[in-house]
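Participant: Dropping a structure here in structure tokens format, bear with me for questions.
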Amino acid sequence: MITLATSVFGIVLCKGEIIKTSVHGPTGKISYKDEGFGGMPVVFIHSFGGNVSHWEEIKESLVPNRRVVRIELRGHGDSEFPKDGDYRISSMAQDLATVVNLLGLQRFVLVGHSMGGSVALQYAGENPSRVAGLVLVDSNGDPKKLPEVVRNQIKNALHSDAYVQTTEAYWEQLLANSKPEVKERLMGELTRTPKDTVLKITSELLDYDPNHSLKRYVGPKLAIVTPENDDQFALHRLHLGFPHVVVSNAGHWLQLDQPEEFRNTLETFLQKF
């Protein structure tokens, strides 16, 4: 039996199983999907501009044997935009905390893609005993390795009249190696993201320091990355470093471009739990 707290609303049932719910988060409604039973639960966090559908094909092979929770962070998917405009990584980690606390998940594997990887890492650093394993999918390394003048140039370009050209050029770069259908889908999603959200999240990611959380979370970790994110400043080479797997012939959303390879890599990691 699944017990619901009074703060949950928007429930959808399928054969007695809750698959779509939402909860009152720190600054508004947070939506999530909760499917499957048994085994160590796996919690998925999407990228900037993403939503739970980015994990749809991956979760299909997991739910027969595991509980799978997919969360939509503030301002994404069906979750509400934060009333206070707060998109700090630490604040989005509280969205994650709200859902897992509500569901009573005491220990689970956490998977985060890109921005979601930063959020997952932040949560793991704050709650190391609750994260059985951490999978970071093509997530940012240490932006402080970039000279401050470069980071400021990016911020200034986003706040200039060149906002549209700057953002579209960046997304085109991330999607350069994607399948045509994946690129078309994601460009549609990304270009619909409100400008205020893009500006605030980009600024947060450019200033986010992952090193503190990497030092605090000493549990099993795995990075799954594209070749473009396998350089000397990559997340898996910071602090003490940790294992990584490179997925070729894929854009930044590699779980959509190479779902079978991604799924096999993830399931190999999950065999530990």
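Everything in the sequence shown is counted per the UniProt record's numbering, starting at 1 for the first residue and increasing by one.
Beta carbons are placed, not taken as given, at the ideal position from N, Cα and C, and that holds for glycine.
Looking only at its own chain, which residues have a Cβ that is under 7 angstroms from the Cβ of threonine 193, when we skip the five neighbours before and after it?
Facilitator: Counting only Cβ-Cβ distances below 7 angstroms, and skipping sequence neighbours, we find Gly49.
Participant: In this structure, does DSSP put glycine 117 in helix, strand or coil?
Facilitator: Correct three-state label for glycine 117: helix.
Participant: Could you check the C-alpha separation between threonine 265 and phenylalanine 81 for me, to the nearest Å?
Facilitator: Threonine 265 and phenylalanine 81 have their C-alpha atoms some 33 angstroms from each other.
Participant: Do you know how far the Cα of leucine 73 is from the Cα of threonine 6?
Facilitator: Per-residue confidence for threonine 6 stands at a pLDDT of 31, beneath the threshold of 50, marking its modelled position as unreliable; the derived number appears in the next sentence. C-alpha separation (whole angstroms): 20 angstroms.
Participant: Within 10 angstroms of the Cβ of proline 227, are there 16 or more other Cβ atoms? Answer buried if so, exposed if not.
Facilitator: exposed
Participant: Taking only three categories from DSSP, how would you classify alanine 124?
Facilitator: Helix at alanine 124.
Participant: So, helix, strand or coil for glutamate 164, using DSSP?
Facilitator: Reading the sequence as shown, one finds valine at residue 164 and not glutamate. Of the three classes helix, strand and coil, the one that applies to valine 164 here is helix, per DSSP.
Participant: Counting beta carbon pairs with one atom in the segment 86 to 100 and one in the segment 21 to 34, are three or more of them shorter than 8 angstroms?
Facilitator: yes
Participant: Within 10 Å of its beta-carbon, does serine 79 have 16 or more other beta-carbons around it, so buried, or fewer, so exposed?
Facilitator: By the 10 Å Cβ count, serine 79 comes out buried.
Participant: Sort out for me which residues DSSP pairs alanine 234 with in a bridge.
Facilitator: Answer by DSSP bridge pairing: none, since alanine 234 is not bridged.
Participant: Mind checking whether the beta-carbon of aspartate 207 lies closer than 7 angstroms to any heavy atom of the ligand PLP?
Facilitator: Within the structure as shown, the ligand PLP is missing, as the structure has no ligands at all.
Participant: Can you give me the Cβ contacts of residue 274 inside the same chain, cut-off strictly under 8 angstroms, excluding the 5 residues immediately before and after it?
Facilitator: Nothing can be reported for residue 274: it is not among the residues displayed for the chain, which extend from 1 to 273.
Participant: Evaluate alanine 176 with the Cβ neighbour count: other Cβ atoms within 10 Å of its Cβ, from every protein chain shown; 16 or more gives buried, anything less gives exposed.
Facilitator: exposed
Participant: Are there 16 or more other CB atoms within 10 angstroms of the CB of serine 248, so buried, or fewer, so exposed?
Facilitator: With a threshold of 16 other beta carbon atoms within 10 Å, serine 248 falls short and is exposed.
Participant: What are the complete beta strand (DSSP E) segments, minimum 3 residues, inside the segment 148 to 233?
Facilitator: 221 to 225
Participant: State the start and end residues of the unbroken alpha helix (DSSP H) segment that holds arginine 263.
Facilitator: 259 to 270
Participant: Which same chain residues, not among the five before or five after lysine 272, have their C-beta less than 7 angstroms away from its C-beta?
Facilitator: Gly133 and Pro220
Participant: Judging by CA-CA distance, which residue of His54, Val43, Val109 and Asp196 is the nearest neighbour of glycine 85?
Facilitator: Asp196
Participant: Less than 8 angstroms separating the beta-carbons of leucine 136 and glycine 112?
Facilitator: Cβ distance < 8 angstroms, so leucine 136 and glycine 112 count as in contact.
Participant: Thinking just about the alpha-carbon of each residue, which of Ser139, Thr21 and His244 is nearest to the one in proline 210?
Facilitator: For proline 210, the nearest C-alpha among the options comes from Ser139.
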